[in-house]
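**Student:** I'd like to ask you about the structure that follows.
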């Protein structure tokens, strides 16, 4: 494993259960995440993002393949891995019966730390929680609770921090605050952050590199700019009135692809501005019922790679069924 | 490992004292047995000296109630573990260098310690009810405490081992309801076992509560002390702890 990689995943698969009723949650995934980066796993619900975190943190065993975190094999050297990682859950998990300081002390004991008070005080100062450290965390606001949870994850100076959907369910202001914190801790403490998200704008704003995951497979990886450059086209969504021949769309200059979606069409075009001129010269304006134009973004990357948008795809309909199946088969 | 055990163990014990309702009910629950069951049966015992060996039924009942209350201690330990799984706390613990075995040990011993809190309250209540306790020497008090601690540890370990693969909060409660009846009534805790049918007698002879009750009753009523019961109970506690440790290390489910 190269010295500069904090996480290396080689051909990892995860299957819940066995036999005909088993569920393949991850399908031969490989990834290398360099030290000191904020790396995003972006994908819709049920894509396999949280499963990757469970495997890398040792919560769930790998079915096939190998994974190393901080230089250690997650299966054979699990305790060494767990001493070098921090974890921030989607939902805040704190002991409400205890104060902020007591939660930190508990975490220090779990991490077997002896000299932790100075670091804890520094973290409390950084997260502006010093004044409330002796109050029960049940009296904290959502933002304060999230900050304390991140402080717990950083207490033992981990090499890698896993953040599983850290902003899910938060209001816009708290989400923005969290974004600043992620950027800040990465800069201030030099940790590698592996972040999962199904918010495209979040991954775009925070991550140095992103892997797009869908149905248990990594379908693209790169910096946000690299991924957007792959699209190299504008996306036009269009609904025409009944009786308009859609075949005309594929004949227009600059149209790279036409795909049906519901009762409308999705087109990849070289330039949306030029396309509009050609469209209006071929189709009467009153035959166009709806039109929207999208410049290259991570959303359009996903659309191009999968033919679906986040959250409107067929597998998403089966997410509940998928999770219910996993719950039954969980090992 | 010591630091992690101490962190989890102290959390388990301290949490009891942070919740006044839980603490209050934990203390009052065995006291209610003395108050209701004891008062109801006292008049019968007073006329049946030959059956109970004493006319003071509360004195007869006290060791039995202390023993059966250690059974419920185990249930609380298992419920606290399920709660940790459901709220994700178990994951937080296990994404640190803490092993499942250490989690089991801290839960089991934490529950047993919590059970001991009931003992002084019960003794004060019994004394107020006219149970003479002043004649018991310090060594016997210590032996009684050790007996109850090992029984609580044994029951906690059993409950934790059985519920290790479960994440359903109903499991410990249903299990406790299922075993409470045979453990309580097929034992010497409430009445002497002499009049039991053969099958209940058989259960009572396999029941740790019987042995704990008989030892405590010997101390309270000044009878000949069956010291073998103490060694047997220490063995029961240690065996359950070892079995529970390996079962939890293998099958403790995280979520």
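Protein chains in written order, with this note's numbering: chain E, 740 to 1070; chain B, 36 to 290. From the three backbone atoms N, C-alpha and C, an ideal C-beta is built for every residue, glycine too.
Would you say residue 770 of chain E and residue 748 of chain E are within 7 Å of each other, going by their C-beta atoms?
**Tutor:** It is a contact, given that the beta carbons lie within the stated cut-off.
**Student:** Is residue 53 of chain B helix, strand or coil by DSSP?
**Tutor:** Here residue 53 of chain B sits in helix by DSSP.
**Student:** Run through chain E and tell me which residues come within less than 8 Å of residue 232 of chain B, C-beta to C-beta.
**Tutor:** Near residue 232 of chain B there are no residues of chain E at all, since even the closest Cβ is about 43 Å away, more than 8 Å.
**Student:** Does the beta-carbon distance from residue 752 of chain E to residue 765 of chain E come in below 7 Å?
**Tutor:** Yes, they are a contact pair.
**Student:** Hey, could you find the ends of the beta strand (DSSP E) residue 746 of chain E is sitting in?
**Tutor:** Segment 744 to 755, the beta strand (DSSP E) holding residue 746 of chain E.
**Student:** Please report the straight-line C-alpha distance between residue 166 of chain B and residue 91 of chain B, rounded to a whole angstrom.
**Tutor:** In a straight line, the C-alpha of residue 166 of chain B is about 7 Å away from that of residue 91 of chain B.
**Student:** Measure the Cβ-Cβ separation of residue 146 of chain B and residue 112 of chain B and say whether it is below 7 Å.
**Tutor:** Yes, these two residues count as a Cβ contact at 7 Å.
**Student:** Just to confirm, are residue 150 of chain B and residue 187 of chain B a CB contact at a threshold of 7 Å?
**Tutor:** Yes, Cβ-Cβ distance for residue 150 of chain B and residue 187 of chain B is below 7 Å.
**Student:** DSSP has residue 935 of chain E in a bridge; who is on the other side?
**Tutor:** Answer by DSSP bridge pairing, in chain order: E/780 and E/903.
**Student:** Straight-line CA distance for residue 95 of chain B to residue 226 of chain B?
**Tutor:** Spanning the two alpha carbons is a distance of roughly 8 Å.
**Student:** My understanding is that residue 274 of chain B touches residue 102 of chain B, with C-beta atoms under 8 Å, so please give their C-beta distance in whole angstroms.
**Tutor:** No, residue 274 of chain B and residue 102 of chain B are not in contact; Cβ-Cβ is about 18 Å, not under 8 Å.
**Student:** Apart from the five residues on each side of it in sequence, which residues of its chain come closer than 7 Å, Cβ to Cβ, to residue 52 of chain B?
**Tutor:** Hits under 7 Å: 58.
**Student:** In the structure shown, what three-state DSSP assignment does residue 804 of chain E receive?
**Tutor:** Strand.
**Student:** Going by Cα to Cα distance, which pick from B/100, B/280 and B/73 is closest to residue 183 of chain B?
**Tutor:** Of B/100, B/280 and B/73, the residue nearest in Cα terms is B/100.
**Student:** When DSSP labels each residue in this structure, what does residue 219 of chain B get in the three-state scheme?
**Tutor:** In the structure shown, residue 219 of chain B sits in a helix (DSSP, three-state: H, G or I).
**Student:** Beta-carbon within less than 6 Å of residue 992 of chain E's beta-carbon, same chain only, minus the 5 sequence neighbours each way: which residues are those?
**Tutor:** Same-chain partners within the cutoff: 1017.
**Student:** Which value, in whole angstroms, describes the spacing of the CA atoms of residue 1127 of chain E and residue 763 of chain E?
**Tutor:** Coverage of chain E is limited to positions 740 through 1070, which leaves residue 1127 of chain E absent and any answer about it impossible.
**Student:** For residue 291 of chain B, which residues in the same chain have their Cβ closer than 8 Å to its Cβ, ignoring the five residues on either side in sequence?
**Tutor:** What is shown of chain B runs 36 to 290, which leaves residue 291 of chain B out entirely.
**Student:** Applying the criterion that 16 or more other CB atoms from any shown protein chain within 10 Å of the CB defines a buried residue, is residue 64 of chain B buried or exposed?
**Tutor:** It counts as exposed.
**Student:** For the alpha helix (DSSP H) containing residue 285 of chain B, list its first residue and its last residue.
**Tutor:** From DSSP, the alpha helix (DSSP H) with residue 285 of chain B extends over 263 to 286.
**Student:** What is the DSSP secondary structure of residue 886 of chain E, counted as helix, strand or coil?
**Tutor:** Of the three classes helix, strand and coil, the one that applies to residue 886 of chain E here is helix, per DSSP.
**Student:** Closer than 7 Å, Cβ to any Cβ of chain E: which residues of the segment 111 to 129 of chain B, in chain order?
**Tutor:** So the close ones are 122, 123, 124, 126, 127, 128 and 129.
**Student:** Do residue 787 of chain E and residue 955 of chain E have their CB atoms nearer than 7 Å?
**Tutor:** Going by C-beta atoms, residue 787 of chain E is nearer than 7 Å to residue 955 of chain E.
**Student:** Give, in chain order, every residue of the segment 788 to 822 of chain E whose Cβ lies closer than 7 Å to some Cβ of chain B.
**Tutor:** For the segment 788 to 822 of chain E, which is checked against every Cβ of chain B, the residues closer than 7 Å are 796, 798, 818, 821 and 822.
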